[in-house]
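>
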Amino acid sequence: MTRAYNFSPGPAALPETVLRQAQADMLEFGDAGASIVEISHRGPEFLELARQAEADLRNLIEIPDDYAVLFPAGGATTQQALIALNFAAAGQRVDYVVSGHWGRTALKQLVSVDVNVAASGEADGFRTIPARESWRLSKDAAYVHVTANETIHGVEFRPAWGQVPPDTGDVPLFADFSSSIASEPIEVSKYGLIYAGAQKNLGPVGISVVIVRRDLLERAGQPRADIFDYRSQLKGESMLNTPPTWNWYLLGQTVRWMIDEGGTAEFDRRSDVKSTLLYGAIDGSGGFYRNEVAPEVRSRMNVPFFLPDAALDGAFLSGAREAGLIGLKGHRVLGGMRASIYNAMPVEGVQALVDYMQEFQKRHG
Ligand code: PMP
1 MTRAYNFSPG
11 PAALPETVLR
21 QAQADMLEFG
31 DAGASIVEIS
41 HRGPEFLELA
51 RQAEADLRNL
61 IEIPDDYAVL
71 FPAGGATTQQ
81 ALIALNFAAA
91 GQRVDYVVSG
101 HWGRTALKQL
111 VSVDVNVAAS
121 GEADGFRTIP
131 ARESWRLSKD
141 AAYVHVTANE
151 TIHGVEFRPA
161 WGQVPPDTGD
171 VPLFADFSSS
181 IASEPIEVSK
191 YGLIYAGAQK
201 NLGPVGISVV
211 IVRRDLLERA
221 GQPRADIFDY
231 RSQLKGESML
241 NTPPTWNWYL
251 LGQTVRWMID
261 EGGTAEFDRR
271 SDVKSTLLYG
281 AIDGSGGFYR
291 NEVAPEVRSR
301 MNVPFFLPDA
311 ALDGAFLSGA
321 REAGLIGLKG
331 HRVLGGMRAS
341 IYNAMPVEGV
351 QALVDYMQEF
361 QKRHG
């Protein structure tokens, strides 16, 4: 068996070292006498694993002590619903900046709050992010929500766009970091809340990470069941009910791998190398391949691109498969191709893709 280079947007490629360790721990975890998926979440082995995963994540992302970390079951969409319930009073204003599909999805999760779309890139096909000066923010908003990286549209807040993160004054900034967390150092203290589904840079699907300034947890929010209450979840160490132990384990292993590889500074460097290589190949193709995103907000994690004729898409994908490159089909919202090049994707994988793209162009250009 040979493993292909996997450009899937999520669930996405995991480091091979993590998968090999998981293979062993699936049979027997340390000296627990059973596999990692067969032991109690209340037992000493799992509690130690959970403690270590949080300590490692705090170390990797440099999370200050006045921020709590939650590991809720489920994905980012669930957090999009829960943040409004936990941090906005009924009828209170919430500000959203929509820079792509996932920002739009976040809006759909809102009930019984007063939604203000402060800015949107939709009129421009989400090829740009509206300049900070054009945002119509509300003074009394519970929070301002942004999507740090739009996984489908390939649009990311980059320094070339302006001040990142954008200044929102006294209103806390909430950010969906699902597809770019740990791809570079960030200043957590500039955010009120950061959330991410794990299935891109942090490991497997089925678990999320929420990093929240502790004082915000004092807010009353809206009536909600205890299980949907972040404050209760924190008190219960994200184990109010049986947590997804396997997913939590894989997340912990992936975080540890990122630390061993050199941390966020190293992944920042690699992301520059990989994305420069791929965008260079697209822009240098004489128009055969196209990426339509404004250069200052091009994502380093998700690179959508189009062939000159959609009739070539099938041939491109099947040839890619034969060349050991998978997961390149674009999202149905955009069509075309998309290469997701998260932390677990080596530079060699991107080089193999670029080589294949050039060869395909020779045959079909
Ligand atoms: N936000 C972003 C930026 C995403 O990429 C995704 C999933 N691709 C989501 C939210 C939704 O995540 P989930 O499927 O885990 O609910």
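Going by UniProt numbering, the first residue of the sequence shown is number 1, and it counts up by one from there. No residue lacks a Cβ here, since even glycine has one placed at the ideal position from N, Cα and C.
Quick check: the Cα distance between D170 and V333, rounded to an integer number of angstroms?
The straight-line gap from Cα to Cα measures roughly 35 angstroms.
> When the Cα atoms are used, what is the spatial distance from A68 to G100?
One C-alpha to the other measures close to 28 angstroms.
> Check whether the Cβ atoms of V117 and A84 sit closer than 8 angstroms, and answer yes or no.
Their beta carbons are not under 8 angstroms apart, which means V117 does not touch A84 by this criterion.
> State the DSSP-derived secondary structure class of Y356, mapped to helix, strand or coil.
The answer is helix: DSSP assigns Y356 an H, G or I state.
> Please specify which runs of the alpha helix (DSSP H), each continuous and at least 4 residues long, are wholly inside the region 2-32, giving them in chain order.
Within the region 2-32, the complete alpha helix (DSSP H) runs of at least 4 residues are 16-27.
> Between which two residues does the alpha helix (DSSP H) holding R256 run?
Segment T245 to E261, the alpha helix (DSSP H) holding R256.
> Can you check DSSP and say which residues form a bridge with R213?
R213 is bridged to Y67.
> Considering only heavy atoms of the ligand GDP, does any lie closer than 7 angstroms to the CB of N149?
Within the structure as shown, the ligand GDP is missing, the only ligands being the ligand PMP.
> Out of V188, L234, D355 and M239, which has the shortest C-alpha to C-alpha gap to R58?
R58 has its Cα closest to that of V188, out of V188, L234, D355 and M239.
> Work out the CA separation of D229 and E218 for me, nearest whole Å.
Distance between the alpha carbons of E218 and D229: 11 angstroms.
> Judging by CA-CA distance, which residue of K108, A81, A88 and L107 is the nearest neighbour of Q222?
Of the candidates K108, A81, A88 and L107, the one whose C-alpha sits nearest the C-alpha of Q222 is A88.
> So, helix, strand or coil for G197, using DSSP?
DSSP places G197 in strand when its eight states are reduced to three.
> Measure from the alpha carbon of D95 to the alpha carbon of each residue in A175, G349, T245 and A22, then state which is nearest.
Out of A175, G349, T245 and A22, A175 has the C-alpha closest to the C-alpha of D95.
> Please list the segments of the beta strand (DSSP E) lying wholly inside the region 298-349, counting only runs of 3 or more residues, in order along the chain.
Correct list: 302-305 and 337-340.
> Near L27, what residues of its chain come up, given a Cβ to Cβ distance below 7 angstroms and the 5 sequence neighbours on each side ignored?
Hits under 7 angstroms: S35.
> Between F267 and I282, is the Cβ-Cβ spacing less than 8 angstroms?
No, these two residues do not count as a Cβ contact at 8 angstroms.
> For D56, count neighbouring Cβ atoms within 10 angstroms of its own Cβ and tell me buried if that reaches 16, exposed if not.
It counts as buried.
> Hey, is the region 270-287 in contact with the region 144-163, meaning 3+ C-beta pairs nearer than 8 angstroms?
Judged by Cβ distances under 8 angstroms, the region 270-287 makes no contact with the region 144-163, as fewer than three pairs qualify.
> Anyone know if the C-beta pair for S340 and S8 falls short of 8 angstroms?
Taking 8 angstroms as the Cβ cut-off, S340 and S8 qualify as a contacting pair.
> Indicate, with yes or no, if the ligand PMP has a heavy atom lying under 7 angstroms from the CB of T105.
Checking the Cβ of T105 against the ligand PMP gives yes.
> Near L326, which residues of its chain fall below 6 angstroms by C-beta distance, leaving aside the five closest residues on each side in sequence?
In the sequence under discussion, the amino acid at residue 326 is Ile, which differs from the Leu named in the question. For I326, where only same-chain residues beyond five positions count, the Cβ hits under 6 angstroms are A4 and N6.
> Just to check my reading of the structure: P11 and Q233 have Cβ atoms closer than 8 angstroms, yes? What is that Cβ distance to the nearest angstrom?
At roughly 24 angstroms, the Cβ-Cβ gap does not stay under 8 angstroms, so P11 and Q233 are not in contact.
> Taking only heavy atoms of the ligand PMP into account, decide whether any of them is closer than 7 angstroms to the Cβ of W102.
Correct: W102 has its Cβ closer than 7 angstroms to the ligand PMP.
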